[in-house]
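K.L.:
Please read through the structure below; I'll follow up with questions.
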Amino acid sequence: MRYFSCITALLTVSCYLILQSAYSDAAPPLIPDFSSGKLLKNNPMNIESHMAIDRIRKDTDQELKNNPAQLLNQISQSAESTDPLMYTINLGYQYSDVLTADAPEHWYLFSSAEAGKVTVFASNIPEAVTYKVYLFSKPFGASASEYISEGASTTIRAAHQQISAISSDKRDYIMVVTADNAVSNESFSIGTVFSTQYDANEPNDSFSQATGVEAMSDITATLDNDYDIDIFKFTQPTQKNVVISITGGDYNAVLFNENGQNLYDKPFESGQSYAQTLPAGNYYWEVYSPSNNVIASEPYTLSTTEYLAQLSLQMETDQYGGHWLDYGDGQYFAIYQSAYVKGRAINKDGKPLAGAKLQFTLSNGITNLPDQVSYTTTDENGYYRVKAISPAGYGRKHFYGPVMTYYYDLFSLQVAVLYGSGQYKVPSLLVQEVRNSKVSAEYTTTRSGFTYYDIYIMKYHG
């Protein structure tokens, strides 16, 4: 860089985020290959492979029967209860119940005193049976003939069923739990939750209420209570090698096929990135908090990004275009002040990769001077072009040319691909020299970067 650029950088160093690391170990960690590393195993696709997400603790349940009258969550069997059994419950509480062959369907009546989102769930459902959950509502105090359906959760043999509804005023509700063909003598939990703060995707607590999204996209949303579930549906038109990550909050994500079967042996955990092969098909995402620790004001982002296998890279520098030069340390690009970095991203099938998020860091390795970082995203044909500013240096080396003396430093360009909030090495970087608008030489590196000459100052000597 020019002399005055170095002085400016020194005067303003406190305003920069200093990213310090040597070139040899500064590159971000590499996403595992699809044949090894952090991969979730496929579940066998049989009826028993449904995900059993039990976030409800049984020790917090209140019994439907024999509750002391003084409890705030007292349940009284409704006077009109004949067939099926009908109970009055309190909003915001959780209870235990048992379906029997004589009474395979139970109704639970409750009301909300204000506008908001109501969530109802049945959890800890016994194995080998299917209990379905339905929700109905009507204006507060209106006749029973005005009840309307708010939806249902009917996943076969699921251990947890959930449904939600949003109203603009106070309402009366009926939650229905019914056995599909068979019952179990084991108890299960039912409960209700009320929220006044929720995002535009709600209600989307069941497969029937799923929010449609694009297959290869970032989903940003919030959970509004500890038991909230977000369900999203998408169609993957062709098989893709993808990287999946979820960031923000203590949340997990589960991927289901269109039959409601969990595809993997474990959930996708927050803060991790996973390389998976996603065949063509229809899918559902479920996002939940495994620790029941939700902060409704803090969003999460669930990212599905196609895997970047190779990136070609050329430079249009402000010294000698795209040529490599040799000042005595090797053949490298030379930058005086800035350069345009361009190339193309390729997927694992050798095809152009659109939407790849890239980060370019020009690093000087000097502890008291900042690096320069640029970002870009590949276009629909996989191409990218971004301006990169070379950081300040000292000119600790020099090269005596025919006309000019070049005072320079050896800096590094590091390239990362962004998956979620993580930065990862480019598995294969194809570096190309261009002369007369044609590639004249190239090499491939797995180091996700290379060394270049940073020209500090040029002096004419005739």
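According to the working numbering, the sequence shown is numbered sequentially starting from 514.
Beta carbons are placed, not taken as given, at the ideal position from N, Cα and C, and that holds for glycine.
(1) Put PHE846 into one of helix, strand or coil per three-state DSSP.
(2) Under 8 Å by Cβ, that's how I've got ASN698 and ASP739 pegged, so tell me the actual separation to the nearest angstrom.
(3) My understanding is that ASP718 touches GLN675, with C-beta atoms under 8 Å, so please give their C-beta distance in whole angstroms.
(4) Taking 8 Å as the limit between beta carbons, can you name the residues of its chain near ALA657, skipping five residues before and five after?
(5) Could you check what DSSP says for SER953 in three-state terms: helix, strand or coil?
(6) Could you name the residues of the same chain whose beta carbon sits closer than 6 Å to that of ALA901, not counting the 5 residues immediately before and after it, in chain order?
(7) Excluding the 5 residues flanking GLU593 on each side, which residues of the same chain have their C-beta closer than 7 Å to its C-beta?
(8) Touch check for the segment 839-849 and the segment 798-815: three-plus C-beta pairs under 8 Å?
(9) Per the contact definition of three or more C-beta pairs closer than 8 Å, is the segment 682-692 in contact with the segment 606-621?
(10) Kindly confirm or deny that the segment 752-761 and the segment 783-798 touch, where touching means at least three C-beta pairs closer than 8 Å.
(11) Among TYR787, HIS911, TYR621, SER702, which has the Cα closest to the Cα of ILE638?
(12) Since GLY868 and THR890 are thought to touch, with beta carbons under 8 Å apart, how far apart are those beta carbons, to the nearest angstrom?
(13) Out of LEU826, LEU923, ASN765, which has the shortest C-alpha to C-alpha gap to ASP743?
(14) Confirm, please, whether the CB-CB distance from GLY895 to LEU866 is below 9 Å.
(15) Can you list, in chain order, the residues of its chain with a C-beta nearer than 6 Å to that of TYR956? Leave out the 5 residues immediately preceding and following it.
(16) Does SER658 come out as helix, strand or coil in the three-state DSSP assignment?
(17) According to the Cβ coordinates, are LYS683 and PHE649 closer than 9 Å?
(18) Please identify the residue among GLY605, TYR647, PRO780 whose C-alpha is closest to the C-alpha of GLY629.
(19) Of all the options TRP798, TYR849, THR632, GLN927, which has the alpha carbon lying nearest to the alpha carbon of GLU771?
(20) Quick check on ILE520: buried or exposed, where buried means 16 or more other Cβ atoms within 10 Å of its Cβ?
(21) Can you name the start and end residues of the beta strand (DSSP E) that ASP967 belongs to?
(22) Please list, in chain order, all residues of the same chain as GLU893 whose beta carbon is under 6 Å from its beta carbon, the five residues on each side excluded.
(23) Taking Cβ positions, are ASP967 and PHE912 nearer each other than 9 Å?
(24) Can the beta-carbon of SER666 be found closer than 9 Å to that of SER721?
(25) Is PHE720 helix, strand or coil when you go by DSSP?
(26) At 3 residues or longer, what runs of the beta strand (DSSP E) sit wholly inside the segment 794-849?
(27) Quick check on the DSSP output: the beta strand (DSSP E) that includes ALA929 runs from which residue to which?
(28) With a Cβ-Cβ cutoff of 9 Å, do SER662 and TYR647 count as a contact?
(29) Per the DSSP calculation, ARG857 is bridged to which residue(s)?
(30) Write down the C-beta distance between TYR907 and MET971 rounded to the nearest angstrom, noting that I regard them as a contact closer than 8 Å.
(31) DSSP beta-bridge partners for PHE653?
(32) Measure the Cβ-Cβ separation of SER730 and THR817 and say whether it is below 9 Å.
(33) Would you verify that the beta carbon of TYR644 is, or is not, closer than 9 Å to some beta carbon of chain B?
(34) Could you check whether GLU627 and SER677 sit closer than 9 Å to each other, using their CB atoms as the reference points?
(35) Please confirm whether THR632 and ASP712 have their CB atoms less than 9 Å apart.
(36) Can you name the start and end residues of the beta strand (DSSP E) that ALA766 belongs to?
P.N.:
In terms of the structure at hand:
(1) coil
(2) Not confirmed; about 29 Å, so no contact.
(3) 5 Å
(4) LYS651
(5) strand
(6) ALA852, VAL854, PHE873, LEU875, SER887
(7) Reliability fails at GLU593, whose pLDDT of 39 lies under 50, so the model's placement of it is uncertain and the value that follows must be treated cautiously. If we look at GLU593 and ignore the five residues flanking it on each side, its Cβ neighbours are MET599.
(8) no
(9) yes
(10) yes
(11) SER702
(12) 6 Å
(13) ASN765
(14) yes
(15) VAL944
(16) helix
(17) no
(18) GLY605
(19) TRP798
(20) Confidence at ILE520 is low in this model, with a pLDDT of 30, below 50, so the placement of that residue is unreliable and no value is reported for it.
(21) 962-973
(22) ALA867
(23) no
(24) yes
(25) helix
(26) 794-801, 813-819, 823-830
(27) 917-932
(28) yes
(29) TYR896
(30) Actually they do not touch by this definition, with Cβ atoms about 15 Å apart.
(31) None; PHE653 has no bridge partner.
(32) yes
(33) Among the chains of the structure shown, chain B does not appear; only one protein chain is present.
(34) no
(35) no
(36) 765-770
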